[in-house]
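Let me begin by presenting the structure, written as structure tokens, before commenting on it.
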Amino acid sequence: MTIRIDQLYARLFDHFGPQHWWPGQSPFEVIVGAVLTQNTSWINVRRAIDRLREADLLDPQAMYDLDLDELAELIRPAGYYRLKARRLNNLLALVIEQYGGSLERMFSVDMPSLREALLSVNGVGPQTADSILLYAAEMPSFVVDTYTHRILARHGMIGFDADYHQIKSFFEDTIEPDVARYNEFHALLVRVGHAHCRRKPKCDGCPLEALLPGGEPCTPDF
DNA sequence: GACCAGGCACATC
DNA sequence: GATGTGCATGGT
1 MTIRIDQLYA RLFDHFGPQH WWPGQSPFEV IVGAVLTQNT SWINVRRAID RLREADLLDP
61 QAMYDLDLDE LAELIRPAGY YRLKARRLNN LLALVIEQYG GSLERMFSVD MPSLREALLS
121 VNGVGPQTAD SILLYAAEMP SFVVDTYTHR ILARHGMIGF DADYHQIKSF FEDTIEPDVA
181 RYNEFHALLV RVGHAHCRRK PKCDGCPLEA LLPGGEPCTP DF
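All the letters of the first sequence, read from the start, carry residue numbers 1 to 222 under our numbering.
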């Protein structure tokens with residue numbers, strides 16, 4: 001017996017309300033943020049993006065033209081800064097060389113082809129690619145992250161050993177393609193993850209507690 | 001001071 | 001194919 005996906009969404013939305021993820025920012029800023037947030041808290045990503053904006057570098061060509069060491073230094077607060085400078089540069093090379101530096105052109109490509117192109121970039125994995133598709137290109141690609149995996153596994157909706165594609169399909173096979181819904185759902189999962197489903201169990205007051213049959217606890221195995 | 005954060009690629013067995 | 005490791009800053 002497991003809880004249903006629509007119950008999960010309803011409970012999270014009722015509890016936390018709309019999350020307003022990545023509103024009012026440029027698509028390019030979303031792309032940069034998607035790379036910088038890899039295994040990193042958003043507060044540190046925020047600092048790095050602010051520094052880039054301050055330097056007037058939130059533009060594909062401008063950032064691509066910048067020396068790699070200088071880019072690394074600017075994004076330092078986001079951690080793994082030398083690695084991420086290279087990854088950003090790899091992604092910018094795609095944007096510039098394949099799409100002439102135009103995000104509009106890049107986003108006019110069909111979703112499966114664009115996803116494949118993004119995944120071909122060294123440093124862009126499935127979560128980063130899907131974040132770009134959903135939050136920058138506004139295409140209905142569900143984003144899976146550590147919290148999504150952990151929350152679903154702990155509540156018996158998937159196996160603890162489920163891989164990225166299985167979890168993504170779990171959502172996409174159930175919820176019809178809907179950019180706004182996918183956006184909100186993922187943001188809500190991260191929100192409840194921050195509050196209650198970290199590595200160490202922190203379940204007090206978790207709005208998902210009562211969803212399990214008989215109010216049984218989740219199984220915080222990882 | 002230890003532990004954690006909106007991953008990913010690569011080495012090794 | 002599975003498992004382990006490097007990458008790094010800043011908050012709790």
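Where a beta carbon is used, it is the ideal one built from N, C-alpha and C, also for glycine.
Residue 150 is not a Cβ neighbour of residue 206, given a cutoff of 8 Å. Measuring C-alpha to C-alpha distances from residue 176 to each of 166, 40, 192, 141 identifies 141 as the nearest.
Rounded to whole angstroms, residue 71 and residue 106 show a C-alpha spacing of 23 Å. For the pair residue 96 and residue 61, the Cα-to-Cα distance works out to about 7 Å.
Secondary structure note for residue 169: its alpha helix (DSSP H) is the uninterrupted segment 164-172.
Straight-line spacing of the CA atoms in residue 64 and residue 178 works out to 33 Å.
For the 8 Å CB-CB criterion, residue 131 and residue 34 form a contact. Residues of the same chain with a CB within less than 7 Å of the CB of residue 79, apart from the 5 flanking positions on each side, are 40, 44 in chain order.
Distances from the alpha-carbon of residue 202 to those of 5, 117, 186, 222 put 222 closest. Following the DSSP letters along the chain, one finds residue 14 inside the alpha helix (DSSP H) bounded by residues 5-16. Spanning the alpha carbons of residue 128 and residue 108 requires a straight line of approximately 19 Å. A straight-line Cα-Cα distance of about 8 Å links residue 91 and residue 124.
Ranked by how close their Cα comes to the Cα of residue 164, the residues 181, 154, 146 have 146 in first place.
Distances from the CA of residue 15 to each of 27, 191, 58 were compared; the closest alpha carbon is that of 191. Rounded to whole angstroms, the separation of the alpha carbons of residue 50 and residue 111 is 30 Å. Sequence-distant Cβ neighbours of residue 83 in its own chain, meaning closer than 8 Å and more than five residues away, are 123. If only complete runs of 4 or more residues are kept, the region 55-132 shows the alpha helix (DSSP H) at 60-65, 68-74, 81-99, 103-106, 111-119, 126-131, in order along the chain.
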